[in-house]
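Trainee: Chains as they are written, first to last, in the numbering used here: chain A, 1 to 628; chain B, 1 to 628.
C-beta atoms are modelled at their ideal positions from N, C-alpha and C, and glycine is treated no differently.
None of the values given here were measured: they were computed from a predicted structure.
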């Protein structure tokens, strides 16, 4: 164990200098410690990362290259193959997202085979790029007409050209960060330069129909220090809500403006409306632009919409976007369980956005939402075996909703695939003299605090046990603050420093701050009391009146058919006297904790919500009837 | 540690054969493992036992012998000194209760000095006993007239002659159990024979004015196997509620019949009424008689009054008897905090009674109440230093209620003094093939299960931490059930057996039962999740409307002035977002856990209720205002 950790520290130190430079720094001065500097030694995320590398990535590669036409579209556009574009106009984005995940995976586990595949694909992409920098295989190849009139490039806000470009940029920055090779980054810059030459003040107006390019351009700015990309990102955000409309697809539906958050200027947003993934990506972009420009002009709007999303439009799983009509938000508190849309991509977006808010403010309330989404709605999106996916994540099922090997619209599998290997991004944040601990997971990292290199290691069985040991090993004694997030689900806790109880300090903005002169071997022992809780929904949520959800620590539980075959789940009634035992799962659920109780003499088993539909199909329920 | 434990086992085995014989066995077949077979290795009870032996016992001895006339009354009655009786008519009982505590302490810590004092006092008592067996120094010595007319022996139900006799019997049985010497037991038998010759069918009628003799006679029966004592006990219980009235003191007050539970036959009791200590001792006696006779005639009444006491007339501390007018029960739900009487003796009585109910039924709900009383109302009765006492235990104070060195009516100090050294009685119960674990405390014992000697040891920091390791070392492999009490405060938990999670079993009658073939070194790891809880009272309790009590595990907390000098405790308002940190106390509170939170920006400290008024005097509050 000791050796393993040392090895991780060594890897971390190597990557530290590269990675930190690529990471956005909020005007708060707080920056994240990038995932490649954080090595998981735990079972929970460690197992997920292993499954991702061994199963999910190969599945994605096979789907993109062998089972669908996504790679061959690039080969055709590159002139290596001939033929029409096959698929949907946004299919390029799936390739980019998978490539982003592959690049992240390389940083965790150097893998020449994966790197070779990336190099090969980057070759196609570079060749597919037009001389002027334009890149989109749907428009550069002949293709079948779809529901909308045939349009040319940049003639319809709704055609996802910027969305695909954004994902391309993210993949390119990831690949550059992983390998230091610039080939892909050059493609990204050329595309961004093309957009910058086409759109902007005195040039053409443009409203991205599916936000994504904004946050991508800030990533490109952080990687290249070219301020034009940041300015373009800000300008694209500012284009919204000014009444611009372009293209048949955009005009097709009355919902378009609302659905794409184009009804008001972004700084004037009052409530969250429309498509959930679009909203989450846009808010992320707004926070990124705000941070990069050290400008607070978007802060008020971000706080307003955050309150609206989190307090009135979010599921207990951290999922958002309840309606399948618009894949998005409808009325406040309208959070049905069986027909919940709660798209996996939107949950990933919640992690991104809340991470940025957390960086912007140093307030743990955002990390709390991030944790809720990560352990529940996001993880539900991929099977425990890593090869099946959910696009839609209801909180109740009649037994007819199942994970699929892939989707025609494959945004969710590829999103999960880039999220998982980079989950280490969410463990720590640093300031000059502050270390923020956001995620609790057995892991090691090395950071710079107050000018001194400090090795940090965590030992814990979180999320199954609330005891967390954090060891600090500074190269030399150094004064700094360690800020421990006290999660929102945690009502009581204790903290020891080198075996001695810490004199109580106020939990400020969700963090308990320990300031001292840190020396080699200092150890913090944090105990978050982690009982089973029966959680009530906001009473305005009709679907959950008279119901409770079972939660322990950050993990929301559900009951499903496989464990409760003789029970009618929707007749089951919990009460305040129910006692729960925590038990180890078996089979595919080994290493996951189950909760069990007796109701009317019958044993009822609850499993983590993220783990449902991994065994035989059947009914599932999160919100169980409750009577005092 | 290992050697220490071995030593304890050795002591335990020596005493086991004697002690078990003296212990009542319910018709359930369940018997307790006596305290002298259970050795605490923990800080919590271990510290209390040490303070008891080093401080409380010497304080009691000095008070009885040097500062008051209690011992000299016996010397006078024995003809060793001359003079009148000085004191109150029930003062003999304090000597007996202290002697009972001294005898128990001898069993924990052999101490020739204490034994010599006991022998000396037993000498006085034996000489003070009349030829016919009568024993009461108030009546055998000349004494000042008091408020009531002068009466002779056995001419007034209200004069506590049987009450004093009962405590004498308890002390005598304890001394016999500790030393094997019969001198004191002979006095007890002679007194009981005298009562049996005087009262009973065809003899005189008698209603004990303060119940105690009933449970004492069952102890004497268990020690001697003489069925007359058991029959007399049952007959005395049956005398109640038949309309008998005797003596000026008894007739003085309209309250007497109600106060002494003499308004209905005991088997017909519907509700709890009257004096709390009398009631608790009577219910204990009823359960003892019931168990010894293997007769269920009192069960229905006991269940009825238990529901009435626990659900409508008990404080969160486990204290009972809210009114100072009658030291007892008044109206249902009338549980004022500032004027709470909640006499320490009544809380000790609650432990006795609930222990008997637990033995009678094997239902942990009684052990839950026992635990509540032990960790809160009972422990509050003695200062942490062991030399100051509470008679009355309010749950709120304006700063004018303080521990005293002694009391004119000294029942409470002496009751605490006999309770503490025998607290080990409440750890385990056994059946032929069942081990019930009721209390969690680092400790060791040896029991017989299924004919096999089994060493049992617990390691835990309970009540500060819910992790409990229980090791079993049977002499040879043996099949039995270990029944782990899942406390009522505990909503969730986990259990491992030799490192493997236990397949969930129903918690039946409050116990989780593990049945297997036990072998050397088997280890159970029970984790009771122990968060801070804000507990609401029954909404019928007016005093607590809009308030919550802070509780963690079995320990009820309070806020007192010493920690919260700038805070108006009664204006303080908790809400559902308050987070509590568990911190170590300092000074006199070292080794005790405090809870701290911030309310309106100010740090508020809560300490265990039992620990209040151990520092500078000031206000104290258990039920704090609460607003969602």
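So residue 584 of chain B contacts chain A; which residues on that side make the cut at Cβ distance below 7 angstroms?
Mentor: By Cβ distance, chain A contributes 501.
Trainee: Measuring only between beta-carbons, confirm whether residue 341 of chain B sits less than 8 angstroms from chain A.
Mentor: Not an interface residue.
Trainee: Taking the straight line between their C-alpha atoms, what separation do you get for residue 219 of chain B and residue 448 of chain B?
Mentor: For residue 219 of chain B and residue 448 of chain B, the distance between alpha carbons rounds to 22 angstroms.
Trainee: I'd like to know whether the C-beta of residue 490 of chain A is nearer than 8 angstroms to at least one C-beta of chain B.
Mentor: Yes, contact with chain B.
Trainee: Measuring only between beta-carbons, confirm whether residue 21 of chain A sits less than 8 angstroms from chain B.
Mentor: For residue 21 of chain A, the predicted model reports a pLDDT of 37, less than 50, meaning its position is unreliable and no value from the coordinates is stated.
Trainee: Using a beta-carbon distance cut-off of less than 9 angstroms, what residues from the stretch 550-566 of chain A approach chain B?
Mentor: For the stretch 550-566 of chain A, which is checked against every Cβ of chain B, the residues closer than 9 angstroms are 552.
Trainee: Between which two residues does the beta strand (DSSP E) harbouring residue 66 of chain B extend?
Mentor: Here residue 66 of chain B belongs to no beta strand (DSSP E), and DSSP marks it neither H nor E.
Trainee: Roughly how many angstroms separate the alpha carbons of residue 545 of chain B and residue 318 of chain B, rounded to a whole number?
Mentor: Roughly 19 angstroms separates the two Cα atoms.
Trainee: What are the complete beta strand (DSSP E) segments, minimum 3 residues, inside the stretch 392-462 of chain B?
Mentor: Taking only runs of at least 3 residues, the beta strand (DSSP E) segments lying wholly in the stretch 392-462 of chain B are 428-430, 434-437, 443-449, 452-460.
Trainee: Starting from residue 473 of chain A, trace the beta strand (DSSP E) in both directions and tell me its first and last residue.
Mentor: Looking at the DSSP string, the run of the beta strand (DSSP E) that includes residue 473 of chain A is 467-474.
Trainee: Could you tell me which chain B residues have their CB closer than 9 angstroms to the CB of residue 483 of chain A, listed as they occur along the chain?
Mentor: Here the premise fails: no neighbours, minimum Cβ distance about 15 angstroms.
Trainee: Sorted by chain position, which residues of the same chain lie with C-beta nearer than 7 angstroms to residue 237 of chain A's C-beta, five sequence neighbours on each side aside?
Mentor: Taken in chain order, the residues that qualify are 214, 266, 285, 286, 289.
Trainee: Residues of chain A with CB closer than 8 angstroms to the CB of residue 579 of chain B, please, in chain order.
Mentor: Residues of chain A passing the Cβ test: 486, 490, 491, 492, 493, 507.
Trainee: Residue ranges of each beta strand (DSSP E) run of no fewer than 3 residues wholly in the stretch 562-626 of chain B, ordered along the chain?
Mentor: Taking only runs of at least 3 residues, the beta strand (DSSP E) segments lying wholly in the stretch 562-626 of chain B are 580-584, 593-599, 602-608, 623-626.
Trainee: Looking only at its own chain, which residues have a Cβ that is under 7 angstroms from the Cβ of residue 239 of chain B, when we skip the five neighbours before and after it?
Mentor: Once the five neighbours on either side are set aside, the close Cβ partners of residue 239 of chain B are 205, 206, 207.
Trainee: Could you please give the first and the last residue of the uninterrupted alpha helix (DSSP H) stretch that includes residue 327 of chain A?
Mentor: Note, residue 327 of chain A: premise wrong, no alpha helix (DSSP H); not H, not E.
Trainee: Alpha carbon to alpha carbon, how far is residue 484 of chain B from residue 514 of chain B? Give it in angstroms, no decimals.
Mentor: Between residue 514 of chain B and residue 484 of chain B, the C-alpha separation is close to 8 angstroms.
Trainee: How would you write the range of the beta strand (DSSP E) that residue 522 of chain B sits in, first residue to last?
Mentor: Run containing residue 522 of chain B: 522-528, per the beta strand (DSSP E) assignment.
Trainee: Taking the DSSP output, what are the residues bridged to residue 558 of chain B?
Mentor: Its beta-bridge partners are B:607.
Trainee: Is there contact here, the stretch 383-394 of chain A with the stretch 338-350 of chain A, by at least three beta-carbon pairs under 8 angstroms?
Mentor: The stretch 383-394 of chain A vs the stretch 338-350 of chain A: in contact.
Trainee: What three-state label does DSSP hand residue 628 of chain A in the structure shown?
Mentor: If DSSP states are grouped into helix, strand and coil, residue 628 of chain A belongs with coil.
Trainee: Which same chain residues end up closer than 6 angstroms to residue 459 of chain B when comparing Cβ atoms and leaving out the 5 residues on each side of it in sequence?
Mentor: Hits under 6 angstroms: 442, 469.
Trainee: Rounded to the nearest angstrom, how far is the Cβ of residue 478 of chain B from that of residue 446 of chain B, given a contact under 8 angstroms?
Mentor: Not a contact, Cβ separation roughly 13 angstroms.
Trainee: Determine the contact status of residue 575 of chain A and residue 493 of chain A, defining contact as a CB-CB distance below 8 angstroms.
Mentor: For residue 575 of chain A and residue 493 of chain A, no; Cβs fall outside 8 angstroms.
Trainee: Any Cβ of chain B within less than 8 angstroms of the Cβ of residue 606 of chain A?
Mentor: No - not a single Cβ of chain B is within 8 angstroms of the one on residue 606 of chain A.
Trainee: Terminal residues of the continuous beta strand (DSSP E) containing residue 551 of chain A?
Mentor: Here the beta strand (DSSP E) through residue 551 of chain A covers 547-552.
Trainee: For residue 102 of chain B and residue 540 of chain B, I'd like the C-alpha separation in whole angstroms.
Mentor: For residue 102 of chain B and residue 540 of chain B, the distance between alpha carbons rounds to 43 angstroms.
Trainee: Considering only residues of the same chain and omitting the five flanking positions on each side of residue 281 of chain A, which have a CB-CB separation below 7 angstroms?
Mentor: Counting only Cβ-Cβ distances below 7 angstroms, and skipping sequence neighbours, we find 211, 212, 215, 349.
Trainee: Run down chain A in chain order and give the residues with a C-beta less than 8 angstroms from the C-beta of residue 532 of chain B.
Mentor: Under the 8 angstroms cutoff, chain A gives 491, 492, 529.
Trainee: Compare the C-beta of residue 592 of chain B with all C-beta atoms of chain A and state if any pair is closer than 8 angstroms.
Mentor: Closer than 8 angstroms: no.
Trainee: Any idea what DSSP makes of residue 148 of chain A, helix, strand or coil?
Mentor: In the structure shown, residue 148 of chain A sits in coil (DSSP, three-state: anything other than H, G, I, E or B).
Trainee: Give the C-beta separation of residue 124 of chain A and residue 74 of chain A to the nearest angstrom, bearing in mind that I take them to be a contact with Cβ-Cβ under 8 angstroms.
Mentor: Yes, they are in contact, since the Cβ atoms of residue 124 of chain A and residue 74 of chain A sit about 4 angstroms apart, within 8 angstroms.
Trainee: Determine, for residue 436 of chain B, whether the minimum Cβ-Cβ distance to residues of chain A falls below 8 angstroms.
Mentor: Judged by the 8 angstroms Cβ criterion, residue 436 of chain B is not in contact with chain A.
Trainee: Are any of the Cβ atoms in chain A nearer than 8 angstroms to that of residue 311 of chain B?
Mentor: It does not: the Cβ of residue 311 of chain B has no partner Cβ on chain A nearer than 8 angstroms.
Trainee: Using CA atoms only, rank isn't needed, just tell me which of A:108, A:247, A:56, A:118 is closest to residue 151 of chain A.
Mentor: Among A:108, A:247, A:56, A:118, the Cα nearest to that of residue 151 of chain A belongs to A:247.
Trainee: Quick check on residue 603 of chain A - is its C-beta less than 8 angstroms from some C-beta in chain D?
Mentor: Structure shown: chain D not included; protein chains present are A and B.
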